[in-house]
Each structure stands twice: as structure tokens, then as C-alpha cells.
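In this note's numbering, the protein residues as written are 26 to 172.
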């Protein structure tokens, strides 16, 4: 005799409980992150704006590229601690931007470090568009380098 199925209310309760769990590894990818921040910004992320933002230095001389490299397809090094940083480009580092909570924390920390403020949704969408377009071989930018 096959096992009895759980009552529908139990199935619904289990589904609701699972939906309220915190985000876990592998709960997203850069395409979904880009779609989210583009929707928040009210416009699609722009590769050229993202590349310019990534390389732009603040008044103190800090930039995203200062630690992550330009383009960020190889390992970087934290300017203050010297800690090795994994490549940011998902084409090189497949687990980059696959955890929603970790990505949010990364933007919060790095935007505050470089800009002394939170990044706007448009800035996040632009940076993600730039990073999503990078390829693992050759030098150059996402807009002008090898694909």
C-alpha cells in the first residue's frame, strides 16, 4: 500500500515556511541580480556606464578597480589588508553573484568604502551589466576587449 499523502494544509504550511527562510547559496545568478537592480532603477544596466563607474576614482584615489583590477577577470588584492580577492567576472568565477544576501552585503560594504555612501540601484545595475559582459581571455574592457 503506498504511503498516504499529507493533507493539503500541511503541504501549504511547509511551502510557506520554506519561502520565509533566508537566502542560501545558489539562490540567484548575475542575470537575476541584473534584472532586479534594473527594475529598481527603472532602466536596464549599461555596460559602458558600469565600466566607467568601476574604474572611476574618488577624491581619495580609491576605485573598485583599485582592489579588483581592470578588468576584474583575475584575482585582486584588498588595498588595506592585502587579502587576495577572487575575480568578480562570473565567466571566470562561476559562483560570483549567486547568493542574494552576499551580493547585497558586497555592494553595501564596497560602495561605502569607495563612495562613502550606498550605491544607487542604477549604479548596481550598471556594474552588474559590466561584470556580466566580461570574458575570461585576453585583456581589455567589456566594451572593447575580446568576447
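Ideal Cβ positions, reconstructed from N, Cα and C, are used throughout, including at glycine.
Boundaries (first-last residue) of the alpha helix (DSSP H) holding residue i
| i | result |
| --- | --- |
| residue 142 | First-last for residue 142: undefined, no H or E at that position. |
| residue 59 | 55-66 |
| residue 74 | 72-80 |
| residue 90 | 89-93 |
Coil, strand or helix - residue i by DSSP
| i | result |
| --- | --- |
| residue 113 | coil |
| residue 129 | helix |
| residue 84 | coil |
| residue 124 | coil |
| residue 134 | helix |
| residue 159 | coil |
| residue 49 | Model confidence at residue 49 stands at a pLDDT of 47, short of 50, so the residue's coordinates are unreliable; what they give is reported in the following sentence. Coil. |
Those residues which DSSP pairs with residue i across a bridge
| i | result |
| --- | --- |
| residue 101 | 110 |
Own chain residues within Cβ distance below 8 Å of residue i, not counting five before or after
| i | result |
| --- | --- |
| residue 83 | 139, 140, 141 |
Whole-number beta carbon distance between residue j and residue i, since they are thought to touch under 8 Å
| i | j | result |
| --- | --- | --- |
| residue 73 | residue 91 | About 20 Å separates the two Cβ atoms, so there is no contact after all. |
| residue 157 | residue 115 | 6 Å |
Close Cβ partners of residue i (< 6 Å) along its chain, the five nearest in sequence each way excluded
| i | result |
| --- | --- |
| residue 147 | 66 |
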